[in-house]
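Asks: So the protein lines, in turn, are chains V and Y. Position 9 of the first sequence, counting from 1, maps to 9 under the numbering used here, and the rest follow consecutively. Position 13 of the second sequence, counting from 1, maps to 1013 under the numbering used here, and the rest follow consecutively. Just dropping this structure here.
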Amino acid sequence: ILDQLKHDEL
Amino acid sequence: MNIFRLLGDLSHLVAIIILLLKIWKTRSCAGISGKSQILFAIVYTTRYLDLFTTYVSTYNTFMKLVFIMTSIVTIFLMNAKFKATYDHNHDTFRIEFLILPALVLALLINNEFTIIEVLWTFSIYLESVAILPQLFLVSKTGEAESITSHYLFALGSYRGLYLLNWVYRYYAEDHYDLIAIVAGLVQTILYCDFFYLYITKVLKGKKLQLPA
Chain V
1 ILDQLKHDEL
Chain Y
1001 MNIFRLLGDL
1011 SHLVAIIILL
1021 LKIWKTRSCA
1031 GISGKSQILF
1041 AIVYTTRYLD
1051 LFTTYVSTYN
1061 TFMKLVFIMT
1071 SIVTIFLMNA
1081 KFKATYDHNH
1091 DTFRIEFLIL
1101 PALVLALLIN
1111 NEFTIIEVLW
1121 TFSIYLESVA
1131 ILPQLFLVSK
1141 TGEAESITSH
1151 YLFALGSYRG
1161 LYLLNWVYRY
1171 YAEDHYDLIA
1181 IVAGLVQTIL
1191 YCDFFYLYIT
1201 KVLKGKKLQL
1211 PA
């Protein structure tokens, strides 16, 4: 889930 | 980074540049909703708080800073430097009717109940409806300058391109975020009526004028 919460979009 | 995402970001950047150039060159912010601009500034500052916690890439950091700073510059130009040209009388949308529901929804539906994640979610919900005061202003005056139409077209295209990016990422990377997707869908749908007028009128050299 942590990876999903790393928002890599703007 | 795929082509849809890149085109979306560039479209977003172009929209902001068009807006700033319009205000600067014509020395006027007539036809622009200061309320939508305030909402966008809230959107960027609440979404990009992760600048302090997470590093994604130089590109990512750079774009976030550009969006935050240009939104503040736009508000300054509208409310200080070119204040006399600002359409107060027509810009009457009550933004608390957008901010409060977005906040409540973010508290209820989010990926994780932490301050930074709730604020990110709030910014996604708020962005989806942040253009409403601008569309409201256009409908009140019944028309928009073509430069304002180009701005709106670029700004609307950005989330539409993101939708394609999300479809691509779902299949290519097995990555998806339902909150962003649903909000992005709502955001793009709100522009549909405008897109129709833009394609049928502005691109044919006519002024964007709403039927009386």
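Yeah, the Cβ is synthetic: ideal placement off N, Cα and C, and Gly gets one too. Remember, predicted model here, so these are calculated numbers, not experimental data.
What residues of chain V sit near V1129 of chain Y, judged by a beta carbon separation below 9 Å?
Replies: Those within 9 Å of V1129 of chain Y in chain V number zero; the least Cβ separation is about 18 Å.
Asks: What are the residues in the stretch 1042–1059 of chain Y lying within 7 Å of chain V by C-beta distance?
Replies: Listed by position along the chain: D1050, T1054 and V1056.
Asks: Looking only at DSSP bridge pairs, what is E1112 of chain Y linked to?
Replies: DSSP, once it has assigned bridges, lists no residue as partnering E1112 of chain Y.
Asks: With DSSP run on the structure shown, which of helix, strand or coil describes L1208 of chain Y?
Replies: Of the three classes helix, strand and coil, the one that applies to L1208 of chain Y here is strand, per DSSP.
Asks: At what residues does the alpha helix (DSSP H) containing R1094 of chain Y begin and finish?
Replies: Element bounds for R1094 of chain Y: n/a, residue is neither H nor E.
Asks: Check whether the Cβ of I1068 of chain Y sits closer than 7 Å to any heavy atom of the ligand SAH, and report yes or no.
Replies: Absent from the structure shown: the ligand SAH. Ligands present: none.
Asks: Closest to L1065 of chain Y by C-alpha separation, out of Y:H1088, Y:L1049, Y:L1100 and Y:F1076, would be which residue?
Replies: Among Y:H1088, Y:L1049, Y:L1100 and Y:F1076, the Cα nearest to that of L1065 of chain Y is on Y:L1049.
Asks: Tell me which residues share the same chain as V1186 of chain Y and place their Cβ nearer than 7 Å to its Cβ, disregarding the 5 neighbours each side in the sequence.
Replies: Correct list, in chain order: S1128.
Asks: Count the other C-beta atoms from every protein chain shown that fall within 10 angstroms of the C-beta of A1194 of chain Y, then say buried if there are 16 or more, exposed otherwise.
Replies: As written in the sequence, residue 1194 of chain Y is Phe, which differs from the Ala given in the question. So F1194 of chain Y counts as buried.
Asks: For D1193 of chain Y, go through chain V and note every residue whose CB falls closer than 7 Å to its CB, in chain order.
Replies: Under the 7 Å cutoff, chain V gives no residues; its nearest Cβ is about 25 Å from D1193 of chain Y.
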